[in-house]
Structure formats: structure tokens, C-alpha cells
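In the UniProt record's numbering, the protein residues as written are 1 to 126.
In this text, a Cβ means the ideal position worked out from N, Cα and C, and glycines have one as well.
Computed from a prediction, not measured in an experiment: that's the story for all the values here.
Everything on this sheet refers to the single structure shown next.
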């Protein structure tokens, strides 16, 4: 695979949502904002997503589906797309990672990797 042609960069920022969380009921709500940028030379469309979400107790869930937030963004070289979504964990700490399955204009299918990022209730760090 030619990384200069097919190069989708993904960055993520996560935030704990205290007002929607309820630690007494083991409910920890997190929002995450994803920025996807086509740094390759070929336009590409995001077809599907695959997330692996793990909590501090070792429970893992996988989420697969079409697009992101109801869209399948089409990115020209240099273009980006940003969205915010969320997840709920049973523990105040967790990790998410995954990949977007992409289709380039030349017919090549490839994955845009989402590096692991932490979900943290900041109150547990003090």
C-alpha cells in the first residue's frame, strides 16, 4: 500500500461528562472529538467504523457500523472532517481504539487506524 497515496490521519480528544455520569450506578459518560484529515494524494470516502472499547475491569465491547454520526465523509486531499460522539463505561477509566474502513477514488480499500486513547474521569487521578 502506498502511504503517500492513502494517508488518513486521525486524532482524538476525549472528555469526561460529569453531569451525565453517575458513579454510584457505575455510569461514566465520555465524549470524544475525532478529527480525520486526508493527507494522501487520492480522494477517499469513509465507509465504515470499527471501535474496540475497553474498561478498567477488562470488559471489551466492539462497535461496527456505517459511517460516523450518520455521515460517510468524502475527503479530497488536504480536507478534514471533525465530529463528536460519546460512549458510556462501567468504570472511570477506559481505552478506545479502532479503524475507519476507507475507499479511495481509484478503487483501493484501506484502513485509517485510530490509535488508542484514554477515557478518564479526572476525579480518580487525584
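What is the rounded straight-line gap between the Cα of residue 109 and the Cα of residue 102?
6 Å
Let me confirm a value: residue 115 is counted as buried when at least 16 other C-beta atoms fall within 10 Å, else exposed. Which label applies?
Classification for residue 115: exposed.
What's the C-alpha gap between residue 30 and residue 62?
16 Å
Does DSSP put residue 141 in a helix, a strand or coil?
Residue 141 lies beyond the range of the chain shown here (1 to 126); nothing can be said about it.
Going by Cα to Cα distance, which pick from 8, 73 and 65 is closest to residue 51?
65
Just list the alpha helix (DSSP H) runs in the stretch 61-121, keeping only unbroken ones of 4 residues or longer that don't cross its boundaries, in chain order.
none
Is residue 42 buried or exposed, if buried means 16 or more other CB atoms sit within 10 Å of its CB?
buried
So, helix, strand or coil for residue 39, using DSSP?
Assignment of residue 39 by DSSP, reduced to helix, strand and coil, places it in the coil class.
Pick from 104, 39, 13 and 55: whose alpha carbon is nearest that of residue 88?
55
Express the C-alpha separation of residue 73 and residue 38 in angstroms, rounding to a whole number.
Answer to the nearest angstrom: the Cα atoms are 11 Å apart.
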